[in-house]
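A short worksheet on the structure shown next.
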Amino acid sequence: MEYKMTIAGLERSLPLCPLNDKDYIGAFVIFGDQELTVACARELLKRAPEYDYMITAEAKGIPLIHEMARQHGDKKYFLARKKPKLYMQNLFEVSVQSITTAGEQKLYLDGNDAAMMKGKRILVIDDVISTGESLRALDALVRKAGGTICGQMAILAEGDAVHRDDIIYLEPLPLFDAQGNPVEA
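Numbering-wise (numbering that gives the first Met the number 0), the sequence shown opens with residue 0 and increments by one.
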């Protein structure tokens, strides 16, 4: 089963994947789709508030934030990692429960990146916002670092996220029943 939609002016088919026996989600994966990454970055930047830095969580937001920074002329953006790396110092850490990953995860921010965020306007970027757990974790990292969240953006808002007024997104993505029919949020 697939769901066809237009995103940033480009048509794509998303495979439907089961969450459980009755609920399915449209699998949106930007990895490898350079054309879509460029188009989504351009459209999100048109709607972006003024910011000093952007942040995303590893891994699916990486191509998007990189392209947004490239198009905007930013020299630096931040990445919250799923595991600490040897080069990371004075770690900041928060827990997150994602809809697409089983079990609790943690996100880590390098202390040097956190120091750069202090007192700055930070724009939070994600590929898809569904439950909002990834955003919550990123927001917590930014606040812990002393930054101010100036906006939250994603390519798609899934399910109930379409009703949120605190996020900016390009397109809504419904949830689906076991037959592949969209379910209204």
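Ideal Cβ placement from N, Cα and C applies to all residues, glycine included.
Open item on the list: Three or more C-beta pairs under 8 Å: does that hold for the stretch 111 to 120 against the stretch 138 to 151?
Closed with: yes
Open item on the list: Using 8 Å as the cut-off, can you tell me whether the stretch 59 to 71 makes contact with the stretch 85 to 95, which would need three or more C-beta pairs spanning the two stretches below that distance?
Closed with: no
TODO: For the alpha helix (DSSP H) holding M116, just list the boundary residues, first then last.
DONE: Annotation: the continuous alpha helix (DSSP H) that includes M116 extends over G110 to M116.
Open item on the list: With three or more C-beta pairs closer than 8 Å as the rule, is the stretch 10 to 20 touching the stretch 120 to 133?
Closed with: no
Open item on the list: On a Cα-Cα basis, can you pick out the residue from H162, A177, G179 and N19 that is closest to P171?
Closed with: H162
- [ ] Kindly confirm or deny that the stretch 70 to 82 and the stretch 44 to 58 touch, where touching means at least three C-beta pairs closer than 8 Å.
- [x] yes
TODO: Look up S129 in the DSSP assignment and say whether it is helix, strand or coil.
DONE: In this structure, S129 counts as coil in the three-state DSSP scheme.
Open item on the list: Out of A40, K59 and E103, which one is the CA nearest neighbour of G72?
Closed with: A40
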